[in-house]
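> Here the sequence shown stands for residues 910 to 1085, where the numbers follow our numbering. A virtual CB, placed ideally from N, CA and C, is assigned to each residue, including glycine.
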Amino acid sequence: FTEPEGILLGRDQLLYVADTRANRIVMLNRAGGVLSTRAMLHPVSLSQDSRLDLLVGGELIATNGDTVGAIFRLHLVSASADSAHRLDVAPIDTVWRELAHPRRRFPGIAVLSDNTYLAVRDGTDNTSFIDPDARVLQFDASDKFITPLPAFVTGIGTGIVNINHPTAIAAFPNSR
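What follows is the structure in structure tokens.
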């Protein structure tokens, strides 16, 4: 691996590694054998929902040439038997991207028990009170953006709900 930034033991009992500098995601069995890989620009975060879809925080190249942060969904369980549970051929959707703010990234994704999920966003600019880079975003189970969570304040401080540069997020089983 080349500077991996994320690892996940999936609900399917497979290991997934976001091999960030090598621009790929690697699927391994529990013995460490590589089962499949998928090229992706700078993947940093991984999560898996109960449908066994893999959610990935990574990057893409916009039409104007900017590299921007994005969230992707890899459909590991698909209708085609040929692509069932293989990263290299799994259908992929771009769920969210930050075209207007190319320095924003998604260092953490946490799936809740009902397949809704939270994604932490980070960047270099937290000066805007309305839309700072550091936020927790909420999505429904069909990947529709719901809202930034207002309960988390961005800025410099030490409060329990204060986030300045989030690096990850986690969800507890059966919690909302």
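At the level of alpha carbons, what is the spacing between G978 and V965?
Each residue's Cα considered, the two are about 11 Å apart.
> Cα-Cα, which of A931, V953 and I916 is closest to N938?
If we check each option's Cα against that of N938, I916 comes out closest.
> If distances are taken between C-alpha atoms only, which option among Y1026, L1021, T1036 and A1043 comes closest to N1083?
Closest by alpha carbon: L1021.
> Look up L924 in the DSSP assignment and say whether it is helix, strand or coil.
DSSP places L924 in strand when its eight states are reduced to three.
> Quick one: what's got a C-beta closer than 8 Å to F910's C-beta in the same chain, skipping five residues either side?
Around F910: V926, D928, A931 and V935.
> Mind reading off the beta-carbon distance from A999 to L983? Whole number of angstroms is fine, and I expect it under 8 Å.
Confirmed, about 5 Å.
> Hey, could you find the ends of the beta strand (DSSP E) V951 is sitting in?
Here residue 951 turns out to be His, not Val, going by the sequence shown. L950 to Q957 is the span of the beta strand (DSSP E), which, as asked, contains H951.
> Is it right to say S956 is buried, meaning 16 or more other beta carbons lie within 10 angstroms of its own, or is it exposed?
S956 is buried by the Cβ-count criterion.
> Is there contact here, the stretch 1020-1037 with the stretch 940-949, by at least three beta-carbon pairs under 8 Å?
Verdict: no, contact absent.
> DSSP puts T946 in a beta bridge; with which residues?
DSSP lists V935 as partners of T946.
> Using the rule of at least 16 other Cβ atoms within 10 Å of the residue's Cβ for burial, across every protein chain shown, is S954 buried or exposed?
Burial call: buried.
> In whole angstroms, what is the alpha-carbon distance linking D1052 and V1004?
C-alpha separation (whole angstroms): 6 Å.
> Thinking C-beta only, is F1015 closer than 8 Å to D1002?
Contact: no.
> Check the C-beta distance from P1057 over to V1029 and give it rounded, since I have them as a contact under 8 Å.
About 11 Å; that fails the 8 Å criterion.
> Are D958 and L985 touching if we call contact CB-CB under 8 Å?
No; because the gap between Cβ atoms is not below 8 Å, this pair is not in contact.
> Throw me the rounded Cβ distance for the N1024 and R960 pair, which I believe falls under 8 Å.
That belief holds up - the Cβ atoms of N1024 and R960 are roughly 7 Å apart, short of 8 Å.
> If you drop the 5 nearest sequence neighbours on each side, which residues of the same chain put their C-beta closer than 6 Å to that of A1079?
Answer for A1079: A1019, listed in chain order.
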